[in-house]
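Asker: After the structure tokens below, expect a handful of questions from me.
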Amino acid sequence: MSYKVTIRDIRQITHDVKQFKVDKPDGFEFIPGQATEVSIDKPEWRDEKRPFTFTSLNGEPDLEFTIKIYDDHEGVTNELDTLNVGDQLIIREPWGTIQYKGPGVFLAGGAGVTPFIAILRRLAREEDIEGNKLIFSNKTDKDIILEEEFEAMLGDDFINVITDEPTDRHIFLDGFIDKEFLEEQIDDVDQPFYVCGPMAFNDAIIEYLRELGADPDALVFEE
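FYI, UniProt numbering numbers position 207 of the sequence shown as 207, with every residue one higher than the one before it.
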């Protein structure tokens, strides 16, 4: 089933990330961490479906998407960047395998943090966020999505890793998160690990976690 929804609000979150709020169809619900296929309600774009994660919560009046804009090619996100309040999108039924299974470590690369936003917001609202940690990898400081909100929710359990330029604000790892860094940050491998980012990031992190002794059944990622 598909639904036409109207854009109610657009906000610039970082230099290349926008937050879109759209009206919510009656009775529409999702599990935090899930996504939907989205297309733009224009003749030439309706069949161009892309997966985007819900970053709002079910109790809120609107649906929210936090989307990285790729302006280096004429794709869906570049077209989204041209839309205005009042334009329409098409969404489908929710889907996805990233769901909360208990306190653990969230490992995100760039826009891969989006499935974790609703999960952590719900936990914070329910005052049940203790015991969770977010390790968030970005190329530069300016790429960090919702930095202040994550700091407010997680405090010292929000760890920023910057990989492409030296920084005096966050941890700098030249190029990537490695196994040694994870070993320093993780004091218990008997807990859930939530992993989301570019494919190379996912593959590397999951392999490191397995080598460190994490239970494969405790690794939560989009398959």
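Even for Gly, the Cβ is constructed at its ideal location relative to N, Cα and C.
Could you tell me whether the Cβ atoms of F106 and Y208 are closer together than 8 angstroms?
Answerer: no
Asker: By DSSP, does K42 sit in helix, in strand, or in coil?
Answerer: coil
Asker: For P115, which three-state DSSP category applies?
Answerer: helix
Asker: Measure the CB-CB distance between C196 and P115 and report whether it falls below 8 angstroms.
Answerer: yes
Asker: Cβ of residue 225 within 8 angstroms of Cβ of F65?
Answerer: Nothing about residue 225 can be read from this structure; the chain reaches only from 1 to 223.
Asker: Grab the span of the alpha helix (DSSP H) containing K179 for me, first residue to last.
Answerer: That run of the alpha helix (DSSP H) goes 179 to 185.
Asker: Would you mind sorting N138 into buried or exposed? The rule is 16 or more other CB atoms within 10 Å of its CB.
Answerer: buried
Asker: Using DSSP with H/G/I as helix, E/B as strand and the rest coil, what is G110?
Answerer: Helix.
Asker: Starting from Y100, trace the beta strand (DSSP E) both ways and give me its first and last residue.
Answerer: Judged by DSSP secondary structure, Y100 falls outside any beta strand (DSSP E); it is assigned neither H nor E.
Asker: On the premise that Q88 lies in contact with T6, defined as a C-beta separation below 8 angstroms, what is that separation, rounded to the nearest angstrom?
Answerer: 5 angstroms
Asker: Comparing alpha-carbon positions, which option in I129, T167, D168 lies nearest F150?
Answerer: I129
Asker: Who are the Cβ neighbours of Q99 in its own chain at under 6 angstroms, not counting the five residues just before and after it?
Answerer: These residues qualify, in order along the chain: I31, G33.
Asker: Indicate whether D190 and R169 have their beta-carbon atoms separated by less than 8 angstroms.
Answerer: no
Asker: Run the CB neighbour count on V85, radius 10 Å, all protein chains shown included, and call it buried at 16 or more, exposed below.
Answerer: exposed
Asker: For the putative contact between P192 and K101, defined by C-beta atoms under 8 angstroms, what is the C-beta separation to the nearest angstrom?
Answerer: 5 angstroms
Asker: Rounded to whole angstroms, what is the Cα-Cα separation between E44 and E60?
Answerer: One Cα belongs to E44, the other to E60, and the distance between them is close to 31 angstroms.
Asker: Where do the ends of the beta strand (DSSP E) carrying R8 lie?
Answerer: 2 to 14
Asker: Quick check: the Cα distance between L182 and E127, rounded to an integer number of angstroms?
Answerer: 27 angstroms
Asker: Got a sec? Which residues, its chain only, sit under 7 angstroms from E79 by beta carbon, not counting five neighbours each side?
Answerer: I40, W45
Asker: State buried or exposed for G112, treating a residue as buried only when at least 16 other CB atoms are found within 10 Å of its CB.
Answerer: Under a 10 Å Cβ-count criterion, G112 is classified as buried, with 16 or more other Cβ atoms of the shown protein chains found around its own Cβ.
Asker: At which residue ranges does the region 117 to 190 contain complete beta strand (DSSP E) runs of 3 or more residues, listed in the order of the chain?
Answerer: 133 to 138, 158 to 162
Asker: Rounded to whole angstroms, what is the Cα-Cα separation between G109 and F201?
Answerer: Near 7 angstroms, if we compare the C-alpha coordinates of F201 and G109.
Asker: Hey, quick one: how far does the alpha helix (DSSP H) through D203 stretch, first residue to last?
Answerer: Note, D203: alpha helix (DSSP H), 199 to 211.
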